[in-house]
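Since the structure comes first, as structure tokens, the remarks are kept for the end.
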Amino acid sequence: MKKKGMILFVGVLLSGCVSMETLPEAPDISVQAPFPKKGGLTRIDTVRVGMSLAEVTAIMGEQTTIGYEQSDALKGAYRSLTINNPHRKGFLKDGEKTYDILYYFMQVRHPDGVISDDELTPLVFATEGSAKQKDVLVGKGWNFLKQLKDDRSQTPRPVP
């Protein structure tokens with residue numbers, strides 16, 4: 019009987035040292051590695067000349083993840099840093115032809131907080147012509163855009 023009493027006494031003493039507390043739920047933040055995927059930040063390689071603007075937009079998306087920052091709310095979790103795409107828009111007119119140029123962010127070359135031209139890739143769309151030729155990708159990249167501008171400057175213009 020003394021043994022049972024002693025066990026009961028020790029059990030009561032030890033149970034007084036235990037407290038039941040519920041921890042607050044962690045915020046809903048996905049835990050991801052803090053490294054961008056290899057090979058570029060977009061799927062520009064899947065975009066082909068002849069695709070419509072809608073097809074290209076569906077492939078490229080409206081945002082690009084450029085990196086991750088550590089979350090203040092949850093230790094060990096990272097929050098994605100995104101920018102909107104296309105990053106910049108422009109146009110080029112060559113006589114009767116008009117082109118829309120959408121500049122997509124491709125990669126971080128200089129982590130300086132400034133998005134420079136060497137971090138963008140232009141996609142050039144024809145905006146004039148028949149329904150089949152309108153809003154169709156005619157070329158991509160700086161070399162194509164430079165060639166288009168060079169061809170435009172070499173075309174003889176009527177003198178007023």
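Under the numbering used here, think of the first position of the sequence shown as 19, with each following residue one higher. Glycine included, every Cβ here is placed at the ideal spot set by N, Cα and C. Here the structure is a predicted model, which is why all the values come from computation and not from measurement.
- Around the beta-carbon of THR64, fewer than 16 other beta-carbon atoms lie within 10 Å, marking it exposed.
- By the beta-carbon neighbour count (other beta carbons within 10 angstroms, threshold 16), PHE143 is buried.
- Counting of Cβ neighbours within 10 angstroms places PRO140 among the buried residues, the total reaching 16 or more.
- In the three-state reduction of the DSSP assignment, ALA91 falls in the coil class, being assigned neither a helical nor a strand state.
- Unbroken beta strand (DSSP E) runs of no fewer than 3 residues, entirely contained in the segment 97 to 141, are found at 106 to 112, 115 to 123, following chain order.
- With a threshold of 16 other beta carbon atoms within 10 Å, PRO129 falls short and is exposed.
- GLN165 is bridged by DSSP to nothing; it lacks a bridge partner.
- For VAL74, the uninterrupted alpha helix (DSSP H) run begins and ends at 71 to 78, by DSSP.
- THR83 places its beta carbon less than 8 Å from that of SER98.
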